[in-house]
Amino acid sequence: MAKKASAKTKQKSMEESLWDSANKLRGTVESSEYKHVVLGLIFLKFVSDKFEERKEELVAEGKEKFIDMKEFYNMKNIFYLPEESRWSYVISHAKQDDIALKIDTALNTIEKNNPSLKGALPDNYFSRLGLDASKLSSLLDAINNINTIADKEEDVVGRVYEYFLGKFAAAEGKGGGEFYTPKCVVNLLAEMLEPFKGKIYDPCCGSGGMFVQSIKFVESHHGNKKDISIYGQEYTATTYKLAKMNLAIRGIAANLGDVPADTFFKDQHPDLKADYILANPPFNQKEWRGADELTDDSRWDGYEVPPTGNANYAWIMHMVSKLSENGTAGFVLANGSMSSNTSGEGAIRKKMIENDLVDCMIALPGQLFYTTQIPVCLWFLTKNKGEDKEHGYRNRKGETLFIDARNMGTMVDRTHKELTQEDISEITKTYHAWRGEAKDGSYEDKAGFCKSAKLEDITKHDFVLTPGRYVGAVEEEDDGIPFETKMTELTQTLYTQMKQSAELDDVIHKNMEALGYGE
1 MAKKASAKTK
11 QKSMEESLWD
21 SANKLRGTVE
31 SSEYKHVVLG
41 LIFLKFVSDK
51 FEERKEELVA
61 EGKEKFIDMK
71 EFYNMKNIFY
81 LPEESRWSYV
91 ISHAKQDDIA
101 LKIDTALNTI
111 EKNNPSLKGA
121 LPDNYFSRLG
131 LDASKLSSLL
141 DAINNINTIA
151 DKEEDVVGRV
161 YEYFLGKFAA
171 AEGKGGGEFY
181 TPKCVVNLLA
191 EMLEPFKGKI
201 YDPCCGSGGM
211 FVQSIKFVES
221 HHGNKKDISI
231 YGQEYTATTY
241 KLAKMNLAIR
251 GIAANLGDVP
261 ADTFFKDQHP
271 DLKADYILAN
281 PPFNQKEWRG
291 ADELTDDSRW
301 DGYEVPPTGN
311 ANYAWIMHMV
321 SKLSENGTAG
331 FVLANGSMSS
341 NTSGEGAIRK
351 KMIENDLVDC
361 MIALPGQLFY
371 TTQIPVCLWF
381 LTKNKGEDKE
391 HGYRNRKGET
401 LFIDARNMGT
411 MVDRTHKELT
421 QEDISEITKT
431 YHAWRGEAKD
441 GSYEDKAGFC
451 KSAKLEDITK
461 HDFVLTPGRY
471 VGAVEEEDDG
481 IPFETKMTEL
491 TQTLYTQMKQ
501 SAELDDVIHK
511 NMEALGYGE
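In terms of full-length UniProt numbering, the sequence shown opens at residue 1 and continues consecutively.
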């Protein structure tokens, strides 16, 4: 059962305070536009802080003569910033009427001096937007305070960036889904897949949240982020920029393709075979191809061609085509994908099940997404369910795990819910134990929550993958009282209540008559 968040008043976090300051200054600028203003400035603040730290480090090492040489910054994965692109320069001119132009110049100069940021930063955005100079100056002051707050830490700006992405997604509603997946869902995907080493891919990467969380997972488990390579693709140009900035802030090297592009028509990584795929494709995407387009595409070989009216199975087949022989994919889709038989989708799903690609299915609770009320689920696919001694996986060929997590989660406000870390741990430990990982103990079916099903079980259910069909109902504890005794007690209670009801009716009738309203 979903729990309610504590109503106890708490002190606002740095992110909340900064959001309040920034939001007051927004004025008439749309949230969809304003996010680029705020996030662009947070990025500028971050790269400047890193530049100044490295500069001071060089001075402390007696290498003053190298402080204006790019190479001595690049070797530490830090962007070199000419004078006019540094935060100190921008903030010193914050009260001037041409501050928007100076910010644009700073961002353009950073991009020109650092090829890895090509196409990442807003291009003359501040000048074109026409934001009031005094409001922009106040916003600069608010962001400038990041480095004076007591809880400053290594990833403070990354934390702020992530927080603002979530707030902008909530503010934009449906449109926010283009660039943001709820943090708890991303955490669950990363914890399930355990991407310690190899190639990670997201074919619709949004602002790069899957990559950020994958790196966090590796670091939190004392792994080495250099052991993973990141590949992604994003169609929307503005979101592509958000992803590049988000990853740059974290110092994460990634190949997002040369340009923003349609994954189905202009695959930026045609030869990629990924070890891990994490994704949140657009739900129920319509008209993703023309009626005569991509009908002979190799990604659908052996399967029906995905219908034009819904891209769910096109995304699935694309990801299957990108998996290495031992790769695993985890992704979010609308619940309809688990049971739809429309336009050949049922035939595709049946073939996938017969080919033993489906490893695990999870039904998620509602209200997790700010951007949609559509119920969602998680799919986990793999090309190899055989024994894997390196990772400690047992042979699970012909088996699929179903988890019904619909009753999990905590309400964080009137309309939205989050999975807690305890929820995430229970789900992931169940999956890992089922796979045979010794660290998570032995697996057992749990009525109402999880069930390991065989191919014949799924066949009996007409290849529908909805977990509720398999896990059954929660078993109620037997209190030891015989049925006959319970019925006698319930009957006596019922007769007593009926007698009391009749007595109350009689009192009401008498009172009504006394008032002159009798029958």
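Cβ coordinates follow ideal geometry from the N, Cα and C atoms, glycine included.
- If you look at LYS451, you'll find it in the beta strand (DSSP E) that goes 450-454.
- In the three-state DSSP reduction, TRP379 falls in the strand class (E or B).
- Going by beta carbons, GLU437 and GLY392 fall inside the 9 Å limit.
- Residue pairing for GLY398: DSSP places it in no beta bridge.
- Spatial neighbours of LEU129 in its own chain (CB-CB distance under 8 Å, excluding positions within 5 residues in sequence) are listed in chain order as VAL29, GLU33, VAL37 and ALA100.
- In this structure, the CA atom of ASN407 is about 15 Å from the CA atom of ASN335.
- Straight through space, the alpha carbons of THR295 and LEU272 are spaced by roughly 22 Å.
- Annotation note: the segment 326-351 contains no uninterrupted alpha helix (DSSP H) run of length 4 or greater.
- For ASP262, the closest of GLY302, LYS226, ALA311 and TRP300 by C-alpha to C-alpha distance is ALA311.
- The straight-line gap separating the alpha-carbon atoms of LEU368 and HIS416 is approximately 6 Å.
- For ALA363, the three-state secondary structure derived from DSSP is strand.
- Our two residues, ARG26 and LEU131, have alpha carbons roughly 9 Å apart in a direct line.
- SER229 has LYS199 as its beta-bridge partners, per DSSP.
- Its Cα nearest to that of GLN268, the residue TYR231 stands out among TYR231, SER343 and VAL47.
- The straight-line gap separating the alpha-carbon atoms of GLU418 and PHE79 is approximately 36 Å.
- The DSSP-derived three-state label of TYR125 is helix.
- In this chain, the alpha helix (DSSP H) harbouring LEU139 covers 133-144.
- With contacts defined as CB atoms closer than 9 Å, THR491 and LEU455 fail to qualify as a contacting pair.
- The continuous stretches of alpha helix (DSSP H) do not include ALA311, and DSSP gives it neither H nor E.
- The secondary-structure analysis by DSSP pairs ASP388 across a beta bridge with TYR393.
- Comparing C-alpha distances from GLU219 to each of ILE200, PHE196 and THR238 shows the shortest one belongs to PHE196.
- Less than 9 Å separates the beta-carbon of ILE362 from that of LEU378.
- For ASN255, the beta-bridge partners assigned by DSSP are TYR231.
- Here ASN280 is near PHE331, since their CB atoms are less than 9 Å apart.
- Under DSSP, LEU278 takes part in a beta bridge, and its partners are GLY330.
- The beta carbon of TRP315 is closer than 6 Å to those of PRO281 in its chain, skipping five residues each way along the sequence.
- Only buried fits MET352, as 16 or more other CB atoms lie within 10 angstroms of its CB.
- Exclusion of the five residues before and after GLY209 leaves THR181 and VAL186 as the residues of its chain whose Cβ lies within less than 6 Å of its Cβ.
- In this structure, the straight-line span from the alpha carbon of LEU193 to that of THR328 is close to 7 Å.
- Judged by DSSP secondary structure, VAL218 falls within the alpha helix (DSSP H) whose first and last residues are 209-220.
- Between the alpha carbons of THR105 and LYS55 lies a distance of about 22 Å.
- In the DSSP annotation of this structure, the continuous segment of the alpha helix (DSSP H) that includes ASN108 starts and ends at 99-113.
- In chain order, THR109 and ASN113 place their CB closer than 7 Å to the CB of PRO82, counting only its own chain and leaving out the 5 sequence neighbours on each side.
- According to the DSSP assignment, GLN497 belongs to the alpha helix (DSSP H) that extends over 483-514.
- Residue nearest to ALA447 within the set ARG349, ASP440, TYR470 and HIS432 is TYR470 (criterion: CA-CA distance).
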